[in-house]
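Participant: Chains as they are written, first to last, in the working numbering: chain A, 1001 to 1120; chain B, 32 to 273. Beta carbons: idealized from backbone N, C-alpha and C, even for Gly. Here the structure is a predicted model, which means the values were calculated and not measured. I have a structure I would like to understand better, so I am pasting it below and will then ask my questions one at a time.
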Amino acid sequence: MKNILIVEDDVWLSEQFAKQIGKYGFNVWRAHDSLDAIDQIDKKIPDVLVLDISLPGVNGLALLHEISTHGDLSEMKIIVCSSHALSQEEMAPYGVSVVVDKTRMDHLALAHAVKRALDE
Amino acid sequence: MSKGQSMGGSNGRPEYAIPSFAAAAHELKNPLVLIRQLSFDLEYGNPDQTDTTQLARRIRLTAERSLRLTQDITRAQRLEDSLFELEPIDAIALCEDVAHELYPIFSAKGRRLEVQPRRRLPLVVANRDLLRRILCNFADNALHASVDGRPLQFRVSTSGDADVTLSLRDYGPGISADIWKRLQTKDPLFQKISRRPESSGLGLYLSRQFAESMNGSLGVVRHHDGASFFVRMPQSHQLTLL
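Right, dumping it as structure tokens:
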């Protein structure tokens, strides 16, 4: 079973995302900020990281920089899920496979993005 | 509490740019995103009765939060045209009112908002509605910036006979020096992403306008594990005159 880590500071939203992805048989766990995410990745590297950008403290972009310095995380797929207008082209240099626009996504979008990232 | 960093300029003008329509749009976007996702679950998730009740409650609480912000924007637009009655207000009682008003959303998020007890109850000269809005903004900001389970606590303190400070401490993660340095780079992506979630600074900007319209000031003290936002208001001496 593939492991998905969702990094989202809004607890209710991360619950919704976990529900949406969990329905497809993925093993989902959650972190509420970047430092929490680093702790969890240290313990177990997920197959896919679903990352919000606006996070308290260290934001998602800083976390992406941090991840890029760790060679053992190169296989981990990264999905950015944000309400900022970020394009795939902008995020590709950060190792991001898929960008999901929070303001337009439906209840199936995140699970589809996870599958797409895993298929790459 | 240390004096902290004032959010007002030395000439009384804002030290940073006035938030734009884009900032207001960004602040409203996050709760709307959440409402939309919760609605998808209601529509397609086949929730049972308990889940339906919980989803409906979350939608309502999130909508109420958005409405508070829109009401603040409206109030700020009317500040210059309106006369606001200033009156002696019991600062502790007002903090307790705010804690009571926000109890549903704090409770739903598994958090607590408390008021530090005080023996002597200081009175401030303020407009009740505007001061309440400032405290609600502090609480809302703290609720979303804090990541651990510690209760958030309003504190009221006096500095001499002149001022009363009402503050709220939050416990968000700090930021390391090297990350902070990177955030100051010219990387356009870093430039457009703010440090705190959902923070275009609009809520605090509006709060500062409210405070200044009542001859008060707004400020912040940064801690390694969070921040204390405070509003400093003139103290009322009504009781001492009696």
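Give me the chain A residues within the contact set of B/G284, using Cβ-Cβ distance strictly less than 7 Å, ordered along the chain.
Facilitator: The structure shown has nothing for residue 284 of chain B, since chain B only spans 32 to 273.
Participant: Could you pull out every residue in the same chain whose Cβ sits closer than 8 Å to the Cβ of B/Q68, ignoring the five residues on either side in sequence?
Facilitator: Closer than 8 Å at the Cβ level, and outside the excluded window around B/Q68, lies no residue.
Participant: Would you please verify whether the beta carbon of A/V1011 is less than 8 Å from any beta carbon of chain B?
Facilitator: yes
Participant: Within 10 angstroms of its Cβ, does B/G43 collect 16 or more other Cβ (buried), or is it exposed?
Facilitator: Reliability fails at B/G43, whose pLDDT of 42 lies under 50, so the model's placement of it is uncertain and the value that follows must be treated cautiously. So B/G43 ends up on the exposed side.
Participant: Within 10 angstroms of its Cβ, does A/L1049 collect 16 or more other Cβ (buried), or is it exposed?
Facilitator: buried
Participant: Measuring only the C-alpha atoms, how far is A/V1007 from A/R1030?
Facilitator: 6 Å
Participant: Quick one: what's got a C-beta closer than 6 Å to B/R186's C-beta in the same chain, skipping five residues either side?
Facilitator: Q147 and S198
Participant: Quick one: complete alpha helix (DSSP H) runs, 4+ long, within the region 1030 to 1115 of chain A?
Facilitator: 1034 to 1043, 1060 to 1068 and 1088 to 1091
Participant: Could you work out which residue in A/D1106, A/T1103, A/L1005 and A/L1073 is closest to A/L1051 when comparing CA atoms only?
Facilitator: A/L1005
Participant: Of all the options A/D1047, A/F1017 and A/Q1020, which has the alpha carbon lying nearest to the alpha carbon of A/A1117?
Facilitator: A/D1047
Participant: Scan the region 1053 to 1084 of chain A for residues whose Cβ lies nearer than 7 Å to a Cβ of chain B and list them as they occur along the chain.
Facilitator: I1053, S1054, L1055, P1056, G1057, V1058, N1059, L1061, A1062, H1065, S1083 and H1084
Participant: Excluding five sequence neighbours on each side, which residues of the same chain lie with their C-beta closer than 8 Å to the C-beta of B/L266?
Facilitator: Contrary to the premise, residue 266 of chain B reads as Gln rather than Leu in this sequence. Hits under 8 Å: P153, L154, V155, V156, T189, D192, A193, D194 and V195.
Participant: When burial is assigned at 16 or more other CB atoms within 10 Å of the CB, is A/H1070 buried or exposed?
Facilitator: So A/H1070 ends up on the exposed side.
Participant: List, in order along the chain, the chain C residues whose C-beta lies closer than 8 Å to that of A/D1106?
Facilitator: The chain inventory of the structure shown lacks chain C, comprising the protein chains A and B.
Participant: Could you name the residues of chain B that A/Q1016 contacts, counting a contact when the two beta carbons are closer than 7 Å?
Facilitator: Q68, L69 and D72
Participant: In this structure, does DSSP put A/E1008 in helix, strand or coil?
Facilitator: Secondary structure at A/E1008: coil, using DSSP grouped into helix, strand and coil.
Participant: Which residues bound the beta strand (DSSP E) around B/D82?
Facilitator: Looking at the DSSP string, B/D82 is not in any beta strand (DSSP E); the run it does join, the alpha helix (DSSP H), is Q80 to R109.
Participant: Checking contacts by CB at 8 Å: is A/K1043 closer than that to chain B?
Facilitator: no
Participant: Which residues, in order along the region 174 to 187 of chain B, keep a beta-carbon less than 9 Å from a beta-carbon of chain A?
Facilitator: H175, A176, S177 and V178
Participant: Comparing alpha-carbon positions, which option in A/D1036, A/A1085 and A/E1075 lies nearest A/A1120?
Facilitator: Sequence check: residue 1120 of chain A is Glu here, not Ala. Checking every option, the nearest Cα to that of A/E1120 belongs to A/E1075.
Participant: Let me know if A/Q1020 comes out buried or exposed under the rule of 16 or more other beta-carbons within 10 Å of its beta-carbon.
Facilitator: buried
Participant: Specify the secondary structure class of B/L152 as computed by DSSP and reduced to three states.
Facilitator: coil
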